[in-house]
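Trainee: Residue numbers (the UniProt record's numbering): 1 to 343. Where is the CB? At the ideal position from N, CA and C, for every residue including glycine. Since the model is a prediction, treat every value here as computed from it, not as a measurement.
1) So what's residue 202 in DSSP terms, helix, strand or just coil?
2) For the 8 Å Cβ check, are there 3 or more pairs between the stretch 73-82 and the stretch 237-254?
3) According to DSSP, simplified to helix, strand and coil, what is residue 197?
4) Can you name the residues that DSSP bridges to residue 115?
5) May I ask which residues mark the beginning and end of the alpha helix (DSSP H) holding residue 261?
6) Among 206, 92, 167 and 256, whose alpha-carbon lies nearest the alpha-carbon of residue 288?
7) Count the C-beta pairs between the stretch 268-283 and the stretch 233-241 that are closer than 8 Å, then say yes if the count reaches three, no if not.
8) Would you tell me roughly how many angstroms separate the C-alpha atoms of residue 134 and residue 154, rounded to the nearest one?
9) What do you get for residue 60, buried or exposed, if any count of 16 or more other CB atoms within 10 angstroms of its CB means buried?
10) Hey, which unbroken runs of the beta strand (DSSP E) at 3 residues or more fall wholly within the stretch 228-255?
11) Going by C-alpha distance, which of 55, 78 and 98 is nearest residue 70?
12) On the CB-based measure, 16 or more other CB atoms within 10 Å of its CB, does residue 187 come out buried or exposed?
13) Helix, strand or coil: which one does DSSP assign to residue 66?
14) Would you decide whether residue 226 is buried or exposed? Buried here means 16 or more other CB atoms lie within 10 Å of its CB.
15) Are there 16 or more other CB atoms within 10 angstroms of the CB of residue 164, so buried, or fewer, so exposed?
16) In whole angstroms, what is the alpha-carbon distance linking residue 170 and residue 182?
17) Can the beta-carbon of residue 193 be found less than 8 Å from the beta-carbon of residue 201?
18) Quick check on this structure: which residue in 143, 196 and 240 has the alpha carbon closest to the alpha carbon of residue 221?
19) Less than 8 Å between the C-beta atoms of residue 90 and residue 264, yes or no?
20) Is the beta carbon of residue 72 closer than 8 Å to that of residue 62?
21) Could you check whether residue 184 and residue 199 sit closer than 8 Å to each other, using their CB atoms as the reference points?
22) Could you tell me the boundaries of the beta strand (DSSP E) in which residue 150 lies?
23) When DSSP builds the beta bridges, which residues end up paired with residue 129?
24) Roughly how many whole angstroms lie between the Cα atoms of residue 216 and residue 132?
25) State the Cα-Cα distance for the pair residue 87 and residue 214, rounded to the nearest angstrom.
26) Among 168, 152 and 190, whose alpha-carbon lies nearest the alpha-carbon of residue 144?
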């Protein structure tokens, strides 16, 4: 890991091997901008109606093609209104990372348009509107940096050219650490923390940045149930403040627990809408193909009925007689939603 070699406000720590040494551990506000003009391309569904969806995060018929000619994302469209937690669900290589990079301006879209709170990507980045919480395996935890320094990276876009923290910056860091219950660890090395504590530090960085759109990459990988509950509680609080959270996850079982909307992606958006409407077995099979498995288990004599399990070998989605179970509570599954699978 090294210090990012970029003059953009909001730069911080970067990952080895990343282009220009400027991706992942830095604040998303360091992005050089991106987006593009509207495209007449068809396919992938009609573009969202901003008036109907609200001015949160809008992706309209976006196609991203790399310089080698590979198209990683084609005609993708969805809209997330403010005050919403949305899940981004898909297999590895389905375009989730490409979408995140495009939203942060690290990749220019070949066609289509991305709008963030009604602004194009460059304008949103200049206003520090987008924050990024990386997945743990993308970070070199041996880099010697203190917890408070990681959180202070979220303030870089609010500082002057010399990036000298002011009283307001230090107060923002303290408030962010207190909100995620990490204030006692502010002088610890980031590499000394547990997996769940590291996640909370990066959430604190997003809070210190005062970002209105937060992109989270596999936030529950490597954390225990207690930490997952704490993260979900925090995300719900941010939702109530009107922020937008887009959560990339393989964790099928957690999606119905806290995500208002779901985007199913496999090189394009296959389905998007309220989680209870689009989180169906048919849509999951389209998204995961042969990777997804589903089977039946007999319930106990006391419970009766049939227990269905849908899994991609991470945390399974558990159903009992056609109803999803969320930490022991049954929730209705929309018609056509994942019923008990076949053996």
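Mentor: The structure says:
1) helix
2) yes
3) helix
4) 58
5) Where residue 261 is concerned, there is no enclosing alpha helix (DSSP H), although the beta strand (DSSP E) it sits in stretches over 261-265.
6) 92
7) no
8) 13 Å
9) buried
10) 244-249
11) 98
12) exposed
13) coil
14) exposed
15) exposed
16) 15 Å
17) yes
18) 196
19) yes
20) no
21) no
22) No beta strand (DSSP E) holds residue 150; the alpha helix (DSSP H) holding it covers 147-152.
23) Residue 129 pairs with nothing; no bridge assigned.
24) 6 Å
25) 12 Å
26) 190
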